[in-house]
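For reference, the structure discussed in these notes is given below.
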Amino acid sequence: MTTDASTGGTAGPWLVAGLGNPGPGHAGNRHNVGFLVTDLLASRLGGKFKVHKSRARVVEGRIGVPGVSGQRIVLAQPLSYMNLSGRPVGALRDFYKVPVGRIVVVHDELDIDFGALRLKKGGGDNGHNGLKSLTKTLGADYFRVRFGVGRPPGRMPVADYVLKDFSAVERKELDYFVDRAADAVESLIVDGLERAQSTYNS
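Heads up: the sequence shown begins at -7 in this note's numbering, then just goes up one per residue.
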């Protein structure tokens, strides 16, 4: 097992949870950007999501250079709705015996411009129901890859905004930003938080 730059340990796999709501009706929503990023990571691993008894879809694989910086990774997409994300992620944590310091959560962030990223460890939930559920189950000390979706226009309620699909203008750039977010997840795991922040925090 390789030593990880951000934890200084030789623990088991990393758990990367992309947040979203299940079902085709939500697939293009801003709230589902965590699913988009983990879908791309799964394709990079050459794996397909399978339903796990934890009520999540999972893919297992390795990223990095095998034997040098290779890290075992479990990608997860909860099958619960966003506000109950903590239950399946907590069950996966227990099943794979993952310490909180090796859990990465990818989620939408209202207070960041569309496509911008912020990587951090710990912190509050900023009113995000998925993070609220996760923190209740895991504690707050997990890594976050925060994908900016911007604020709703005018007086549109936040709930309506995040449950709408990305706009036609946003979709023109969405693939690029999702690709960059997937790169950021890989860098966080392989290179450590500080190096990933210096490259991807924008």
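All residues carry an ideal CB built from backbone N, CA and C; glycine is no exception. This structure is a prediction, so every number in the text was calculated from the model and none was measured.
Under the 10 Å beta carbon count, N118 is surrounded by fewer than 16 other beta carbons and is classified as exposed.
One Cα belongs to L7, the other to V90, and the distance between them is close to 7 Å. Contact between the region 39 to 50 and the region 112 to 128 is not established, with fewer than three Cβ pairs separated by less than 8 Å. Counting C-beta pairs closer than 8 Å gives three or more between the region 134 to 141 and the region 98 to 112, which meets the contact rule. Ranked by Cα distance from V170, the options P149, L102, R147, V98 are led by V98. For D133, same chain residues with a beta-carbon under 6 Å away, outside a window of 5 residues either side, are V92, G114 in chain order. The Cβ neighbour count for M148, taken over all protein chains shown within 10 Å, is under 16; the residue is labelled exposed. The region 29 to 36 makes no contact with the region 76 to 91: fewer than 3 CB pairs, one atom from each, lie closer than 8 Å. Around A188, the same chain offers L111, A176, S179, L180 as residues with beta carbons nearer than 7 Å, after the five sequence neighbours per side are excluded.
For E101, the CB contacts under 8 Å within the same chain, skipping 5 residues up- and downstream, are R110, N118, H120, R138, F139, G140, V141 in chain order. In this model, D86 and G4 are separated by some 12 Å (Cα to Cα).
Note on Y88: 16 or more other CB atoms within 10 angstroms of its CB, so buried under the neighbour-count rule. Listed in chain order, the non-local C-beta contacts of R22 below 8 Å within the same chain comprise D100, V141, Y153, V154, L155, K156, D157, F158, local neighbours out to five positions each way being set aside. Here G12 is buried: its Cβ has 16 or more other Cβ atoms, across all protein chains shown, within 10 Å. In this structure, I65 lies near R54, with their beta-carbon atoms less than 8 Å apart. Cβ-Cβ distances below 8 Å link N75 to N121, G122, K124, S125 in the same chain, with the five nearest sequence neighbours on each side left out; the list follows chain order. Taking the CA atoms as reference points, P16 sits about 22 Å from A173.
Residue environment analysis places P145 among the exposed positions, since fewer than 16 neighbouring C-beta atoms fall within 10 angstroms of its C-beta.
By the 16-neighbour rule on beta-carbons within 10 angstroms, V150 is exposed. Annotation for T127: D117 place their beta carbon closer than 7 Å to its own, counting only its chain and skipping 5 residues before and after.
Of all alpha-carbon atoms in N193, F27, I104, the one lying nearest the alpha-carbon of D167 is that of F27.
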